[in-house]
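Working notes, structure below.
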Amino acid sequence: MNAFFPAVFFLFGLLFGSFLNVCIYRLPQELSVVSPRSFCPGCKVPIAAYDNIPVLSWIILRGKCRNCGARISPRYAVVELLTGVLFLLSYFAAGSIAEAAKLCVLSSLLIGLIFTDAETKLLPDLLTKPGILLGLLSSLMVSVEGPAHFFLRSIQDWRILSLLNSLAGAILGSGFILGIALLYEAVRGVEGMGRGDVKLMALIGAFLGVKQTLLVLLLGSLFGSCFGVLMILRIWRKRFARRRRKLPSEPPGQASRRAWQSASLAYRSFQIPFGVFLGTAALVSAFWGTALVSWYLKLYW
Ligand SMILES: [Zn+2]
Numbered sequence: 001m002n003a004f005f006p007a008v009f010f011l012f013g014l015l016f017g018s019f020l021n022v023c024i025y026r027l028p029q030e031l032s033v034v035s036p037r038s039f040c041p042g043c044k045v046p047i048a049a050y051d052n053i054p055v056l057s058w059i060i061l062r063g064k065c066r067n068c069g070a071r072i073s074p075r076y077a078v079v080e081l082l083t084g085v086l087f088l089l090s091y092f093a094a095g096s097i098a099e100a101a102k103l104c105v106l107s108s109l110l111i112g113l114i115f116t117d118a119e120t121k122l123l124p125d126l127l128t129k130p131g132i133l134l135g136l137l138s139s140l141m142v143s144v145e146g147p148a149h150f151f152l153r154s155i156q157d158w159r160i161l162s163l164l165n166s167l168a169g170a171i172l173g174s175g176f177i178l179g180i181a182l183l184y185e186a187v188r189g190v191e192g193m194g195r196g197d198v199k200l201m202a203l204i205g206a207f208l209g210v211k212q213t214l215l216v217l218l219l220g221s222l223f224g225s226c227f228g229v230l231m232i233l234r235i236w237r238k239r240f241a242r243r244r245r246k247l248p249s250e251p252p253g254q255a256s257r258r259a260w261q262s263a264s265l266a267y268r269s270f271q272i273p274f275g276v277f278l279g280t281a282a283l284v285s286a287f288w289g290t291a292l293v294s295w296y297l298k299l300y301w
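Numbering of the sequence shown is given in our numbering, commencing with residue 1 and proceeding in unit increments.
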């Protein structure tokens, strides 16, 4: 097999991952992503080109700045490698160059948004808004399947059908999240999901269409719930151990119950980064959605 094109996609992904790292660091601070050149967040000294090689530089310098020795987050290497791998997957998963390009663009946007949300709890408009537009435009190059093919059979032009399907995905995804956010605010009186999540789901829906959007909402809430349970268990374990230490006479059952109450209370004030789960679900759906659904259906039919 010819390894040239896969290698090009992988290397291009590594380089693009490097640029995404700059976006993740600078966009939430509203700094320009073009200038100045990359610098160490510790000593502000510009990073030399030979110290800016994706993944390798981080390993060679053992995650430290060459000048001041400040720790450089492993996130830099992880984002670069992940982008490289997803570009490679895009090459193999796509049936055409246009489709591969679409998957690369979607992967880049999602990696940028997932890591920014994880670090800062922000989903910058500078990524989501152009992302929605790119998703809609990409439907004019790669056909998005969906309800328009069923309801609007008189339309012959595949591009119009595809664009309508992309639009339907965006409206369904963002509408669903907006509905949940408004409901949550009405019941709890505080903001649970930010408007950034609404825009993120519009982006995902525009790229993936209605069917995959439903899968993303399902997987996203599944990932989020698993994270929530693990999070409460972790806090519970710590609080339980502390109670046992401080109140040795308390019966273990009661200590466990009290620790659980206090853990779920602590969890409530924790701000869940929904964008991380929705974004991860979108990546899974984009690459394995079709396989996942047919595997699931085979279990029951
Ligand atoms: Zn430094």
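We put the CB at the ideal spot given by N, CA and C, even for glycine.
Source: prediction; values computed, not measured.
Query raised in the report: Does the beta carbon of residue 40 fall short of 7 Å from some heavy atom of ligand 1?
Result: yes
**Report entry** Three-way DSSP call (helix, strand, coil) for residue 62 in this model
**Finding:** coil
Requested in this report: Reducing DSSP to helix, strand and coil, say where residue 16 ends up.
Outcome: helix
Requested in this report: Inspect the CB distances between the region 202–210 and the region 142–161 and report whether three or more fall short of 8 Å.
Outcome: yes
Query raised in the report: Around the Cβ of residue 132, are there at least 16 other Cβ atoms within 10 angstroms (buried) or fewer (exposed)?
Result: buried
Requested in this report: Look at residue 135 and residue 168 and say whether their C-beta atoms are less than 8 Å apart.
Outcome: no
Query raised in the report: Looking only at its own chain, which residues have a Cβ that is under 6 Å from the Cβ of residue 117, when we skip the five neighbours before and after it?
Result: 123, 273, 275 and 276
Query raised in the report: Mind checking residue 129: buried by the 16 CB within 10 Å criterion, or exposed?
Result: exposed
Query raised in the report: Cα separation between residue 202 and residue 252?
Result: 48 Å
Query - C-beta contact flag for residue 115 and residue 104 at 8 Å - result: no
Query raised in the report: Are residue 111 and residue 79 close, meaning C-beta to C-beta below 8 Å?
Result: yes
Query raised in the report: Should residue 289 go down as buried or exposed, given a rule of 16 or more other Cβ atoms within 10 Å for buried?
Result: buried
Query raised in the report: What's the gap between the Cα of residue 36 and the Cα of residue 245?
Result: 53 Å
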